[in-house]
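Below is one structure, written out as structure tokens; the observations come after it.
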Amino acid sequence: MFHADRIIVAFDGSDNSKKALQKAIDLSKTLHARITVAHSHDRKENQTIIDPPRPAAGASYIGGGMTSVPDPLMSEGVQPQPMIYEDQTEEVVAEARMLLNDNQIDGDIDILEGDPASSIIEHAADISADLIVMGSRDQNRLKKLLFGSVSEKLSSKSDIPVLIVK
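Just so we're aligned: the sequence shown equals residues 4 to 169 in the numbering used here.
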């Protein structure tokens with residue numbers, strides 16, 4: 004029978020990662036294993052604009068009649084405003100903590116930065132994980148062909164067993 008002392012779960016807040024976390028919780032209860040939830044993100048890809056710049060009165064605009072895209076370089080005396088970014092890390096961590104608490108499991112939640120597949124594999128090795136659990140994500144075929152999926156990259160590169168939950 005398979006034995007695991009530590010399970011690491013890749014979690015991004017998606018429905019599939021919630022299923023994976025639930026499966027990992029069930030396995031941890033059965034195997035008496037410790038759980039680590041890993042949220043990995045690449046800062047560049049995971050940020051969204053929360054306060055886009057507003058054009059000043061009299062600002063110039065790009066193109067023939069487009070009034071929705073300001074051109075700060077053409078506006079005299081108007082300084083471009085910096086964009087403010089926010090990622091979803093706090094919300095994802097709160098969701099993971101809620102799922103652990105609802106199942107009465109005390110687990111670690113670690114935030115990783117960088118390529119998700121690589122950072123999860125590296126962290127799994129660092130914490131001596133015996134199993135990696137993650138959800139599969141449906142993507143369109145072209146994107147999957149060009150970039151591959153995180154679950155495919157992780158399962159092909161990891162020396163640690165990987166369970167992909169659908």
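The C-beta atom is built at its ideal place from N, Cα and C for all residues, glycine as well.
Since this is a predicted model, take the numbers as computed values, not measurements.
Continuous beta strand (DSSP E) stretch holding residue i: start and end
i, result
"Met137", "134-138"
"Ile114", "111-116"
Helix, strand or coil at residue i [DSSP, three-state]
i, result
"Asp8", "coil"
"Ala36", "coil"
"Ser159", "helix"
"Ser152", "coil"
"Ile167", "strand"
8 Å Cβ cutoff met for residue i and residue j
i, j, result
"Ile124", "Lys160", "yes"
"Asp45", "Gly117", "yes"
"Gly138", "Ala7", "no"
Rounded Cβ spacing between residue i and residue j (contact assumed at less than 8 Å)
i, j, result
"Val96", "Ile112", "6 Å"
"Ala41", "Leu115", "6 Å"
"Arg140", "Ser43", "Arg140 to Ser43, Cβ: 14 Å. No contact."
Run of the alpha helix (DSSP H) containing residue i, from where it starts to where it stops
i, result
"Ser122", "119-129"
"Asp105", "92-105"
"Ser17", "Run containing Ser17: none; DSSP gives neither H nor E here."
For residue j and residue i, the rounded distance between their alpha carbons
i, j, result
"Gln91", "Ala127", "22 Å"
"Ile167", "Val12", "10 Å"
"Leu102", "Ser20", "11 Å"
"Ser131", "Arg9", "7 Å"
"Ala120", "His35", "26 Å"
"Asn106", "Ser122", "27 Å"
"Ser158", "Glu98", "25 Å"
"Leu30", "Thr39", "13 Å"
"Lys26", "Lys156", "21 Å"
"Ile163", "Met4", "16 Å"
"Ile28", "Ile108", "7 Å"
"Val165", "Arg100", "22 Å"
"Met69", "Asp129", "Any reading at Met69 must be qualified, since the residue scores a pLDDT of 41, below 50, and its modelled position is unreliable; no value is offered."
"Ser152", "Lys32", "29 Å"
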